[in-house]
Amino acid sequence: MLVLKALTLENFGPFKGRQRVEFAQDDGVMIIYGENMRGKTSLLNAVRFAFFGRVIGRGSKATSIHEIGNWEEAAVGKYGFQVELEFSSGGHDYKLTRTCRARVTTPTSDADYQVDHFLECDGDVLGPEQTSTELARILPEQISRFFLFDGELLQEYEDLLSSESDMGRRISEAIERILGVPVLTSSRATALRMKERSEKREATAAQSDQKTREYGNQLADLHAQRDVLKADAAKLKTDLDGLRTKKATLEEALKRKERYASLMEKKDGLERLVSEQTERLDTKRQELAAGMASAWCTLLAPQMRDAARRLETHREALEATVTRWKVLQELKASATHSCPTCLQKITAEARAALEEAASGDDEAGVQEAREELERVRRRLSALSRFLDDDRGDTLKIRWEAIDELEVDIADKKGQITEINKQLETVDEASLRKDKTEYEQTVRAIDTTERTLTDCEEKLADNKTGAERIQKRLDRLGGNDLQGERARRSLYAKVHELFDEAVSAYRDQLRRRVEADATKHFRALTTEPDYRSLLINDSYGLTIVHKDGSLIPVRSAGAEHVVALCLVGALQNNAPLQGPIIIDSPFGRLDRGHTTNIVRALPTMAKQVMLLVYEDELPAGLARTELKGQLKSEWILVRRSARHTELAERKS
Amino acid sequence: MSNDKKTIGITKANYSALQKLLQTGQFASELDAAKFAMAFAARNEVPAGRTNGADTKWNVGSVDPSGDLREMVLTLYPDAREPYRLMEHLMNEGIRSLAGDAKNPDVFGVLFSTD
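Chains as they are written, first to last, in our numbering: chain A, 861 to 1511; chain B, 315 to 429.
Put into structure tokens, the structure is as follows:
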């Protein structure tokens, strides 16, 4: 069992200079209080850095080591930091020292630092290889999430409820690892290898006997094919693991940048719309320009209408003059002495009056009137055509549509500018790259999965074929084959045994984890109607109501409670046990749940370290609930914005 | 009338103003813009006159294939003896006042103003 003893920090984060915190080693809870930005997460990270050489920021993002060193010290030219972690495991005392030193006078990036570590066991410094082996045994990084965790990340455990999610698959694998399943699965794999080896030996023996040679040859071929297929399948599985890890990492990265990604998506959408609208605008402008050929008619329409009215009057007068002259001439020339209209006789007086009237219009004047009438008619006709060409209303509609479109485009461009401002600090190219890479990875996973399925089908066919030939070979017998046959049979049985053991152990583990998680849940939940937790194949837990129904949706707070129950249950059932260090576990919880969790913490792990702020967990509440289980209290004291001191708090 | 122009042109001074009108993107051709300018001048009752120094730009046959434009000018300016020369004058005057000093000629404003 891993027990942490002390942590010494030197210029790590806000912990300026050399500072030391001693962990309570008796079973119980230790609380380290610190307000926001005092260095709680840095403290958790110091432990993580000591073990794994990595530092994680908010949201699982790896932090640059250049940013870890104390800023006040860096301001006076002192770069780098060191962490020493003292712990015990398996009856030995260890001291792990990890140092980050600047290689240059003024470092500017991670490349300017050198990170070294060494491990002392009972006072002796171990070699590099032994150090790696020891550390991997004491606390493998793959299961570190069950020991060192950020309360905010407990949300990730919800992914276990979905077998589709890569994050869920990763957590599920880590759970099996902490529970020791790999010991059995490795043994099963070894038994299978041994069985296959003996099958090959048997085939070789069969090849040397004329009676069995044919079957021996066929078996040897199938075994060779199996080796190739297995190697292919193993490679595909490794590729698939790598791709899934990559997908999960990219998923996390995209989730972190979700807001920016949605902004970029909005920007892309807006840019697409602007481009479409600009195209529409160009078309409308062309239509307008075509229509503008007659715009001059619209501009002059009032004057043309006035002129047309004047010309119309003039035309009427001219037509009257010409008609009158024509009628009078006709009357004058008429041989009959009766009116052509009423047929009454024209008197001599009337005839004299007509002649007098006709004599007033000289022919030249009438001819001029005729010519003028022609001109007027031509002009009226021209004006009429131009007035017909006046499409003012249509032009206005087109113009306003363009205006509207221009305003719309300007508005969208304004929004794009605003988004650009918000994206100024974001590496847009990397965000796009992540997105593209994510899509490519998803496609690659799909292809690899299909190839793997294909490969596994071929392996199954190979197995069926080999079994068929093996049966025929078995019937033929042969003394030379007896020994190999017995070995093969033994290894096959051992393999079957481990195969069944893996399933049985998994079932047993699930039942145990479910039972323990339920025990924790009943202690933690404030809802009396919730009866238990139900585990699925991926170790996802669902709340069960007292009427037996499942609670399908749960709040973020409930998610935390269930995740803590799982962590507690895993700790209870894992062959590898150790401390739990939780950063801000109560942020999303109400007082009832906080109280219950504080009370239950000692049952989850032997050594529990809480990193909390006072409002999240008041000291009075912790002391009342934990009583003798509260082993020590520390506080992060502010000296300056970039300088925090670790101090033990006496109650 | 026999001395009337056979071609119509724009003065060098008005050439850039015509380009400005064209650059508004609201006219498909220089001739459309020039006709618009002519109508603008006529609407503003620019007195009849002649513009000297205009280059040759269009043949009157292209400007007024049906002769209707000539009739229209003669209607609005009944005393004109050389309608195409007057047309050229109105175009140049219109171009000058529409776009001579303006950075962005307000064609829409001119076209749809309620004055």
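The C-beta atom is built at its ideal place from N, Cα and C for all residues, glycine as well. What you are looking at is a predicted structure, and each value in this text was computed from that prediction instead of being measured.
Kindly indicate the opening and closing residues of the alpha helix (DSSP H) around residue i.
i	result
Q1342/A	1342–1384
A1065/A	1041–1067
N328/B	326–337
H1420/A	1416–1433
V421/B	421–426
Y893/A	Where Y893/A is concerned, there is no enclosing alpha helix (DSSP H), although the beta strand (DSSP E) it sits in stretches over 888–893.
D802/A	Residue 802/A lies beyond the range of chain A shown here (861 to 1511); nothing can be said about it.
Is the CB-CB distance between residue i and residue j below 8 Å?
i	j	result
M386/B	M1164/A	yes
D1294/A	A1113/A	yes
K1097/A	L1384/A	no
C1315/A	D1092/A	yes
T370/B	H403/B	no
Y823/A	I1329/A	Since the first residue shown for chain A is 861 and the last is 1511, residue 823/A is missing from the structure and cannot be characterised.
K334/B	V374/B	no
I1442/A	V1422/A	no
L1233/A	E1179/A	yes
I1269/A	L1430/A	no
R898/A	P874/A	yes
A1304/A	K1144/A	no
F1358/A	A1051/A	yes
A353/B	L1160/A	yes
L1148/A	R1258/A	yes
I1038/A	A1377/A	no
L999/A	G1438/A	yes
R961/A	V943/A	no
W372/B	I322/B	yes
G1417/A	D1450/A	yes
L1240/A	E1172/A	yes
D393/B	R384/B	no
I925/A	V936/A	no
N1077/A	Q1070/A	no
What is the C-beta distance between residue i and residue j, in whole angstroms, given that I count them as a contact (C-beta under 8 Å)?
i	j	result
L1082/A	A1326/A	5 Å
K1127/A	I1279/A	5 Å
T325/B	A368/B	5 Å
T1183/A	A1229/A	With a Cβ gap of about 10 Å, T1183/A and A1229/A do not count as contacting.
L1424/A	I1457/A	6 Å
D382/B	A1167/A	Not quite, the Cβ-Cβ distance comes to about 13 Å (not below 8 Å), so this is no contact.
L1477/A	T1454/A	6 Å
R1459/A	K1055/A	Between K1055/A and R1459/A the Cβ distance is about 52 Å, and since that is not below 8 Å, they are no contact.
How would you call residue i, buried or exposed, if buried means at least 16 neighbouring beta carbons within 10 angstroms?
i	result
D984/A	exposed
S992/A	exposed
Q340/B	buried
R1104/A	buried
M315/B	Low confidence applies to M315/B: its pLDDT is 45, below 50, so where it sits in the model is not reliable, and the reading given next is rough at best. Looking at its Cβ environment, which holds fewer than 16 other Cβ atoms inside 10 Å, M315/B is exposed.
G1452/A	exposed
L332/B	buried
H977/A	buried
H952/A	exposed
D1367/A	exposed
E359/B	exposed
H1405/A	exposed
According to DSSP, is residue i part of a helix, a strand, or is it coil?
i	result
A416/B	coil
S1500/A	strand
E994/A	helix
K865/A	strand
R880/A	strand
Q1146/A	helix
P392/B	coil
E1505/A	strand
K955/A	strand
M315/B	Confidence at M315/B is low in this model, with a pLDDT of 45, below 50, so the placement of that residue should be treated as unreliable; the coordinate-derived value is given next. It is coil, neither helix nor strand.
I1583/A	Residue 1583/A cannot be examined here, being either before or after the span of chain A that is shown, 861 to 1511.
V936/A	coil
N1280/A	helix
G929/A	strand
A1261/A	helix
Could you check where the beta strand (DSSP E) with residue i kicks off and where it finishes?
i	result
T1402/A	1401–1405
Q974/A	973–981
L1394/A	1390–1395
Consider the C-beta atom of residue i and the heavy atoms of the ligand ATP; say whether any pair is separated by less than 7 Å.
i	result
G987/A	Absence of the ligand ATP is noted for the structure shown, with no ligands found whatsoever.
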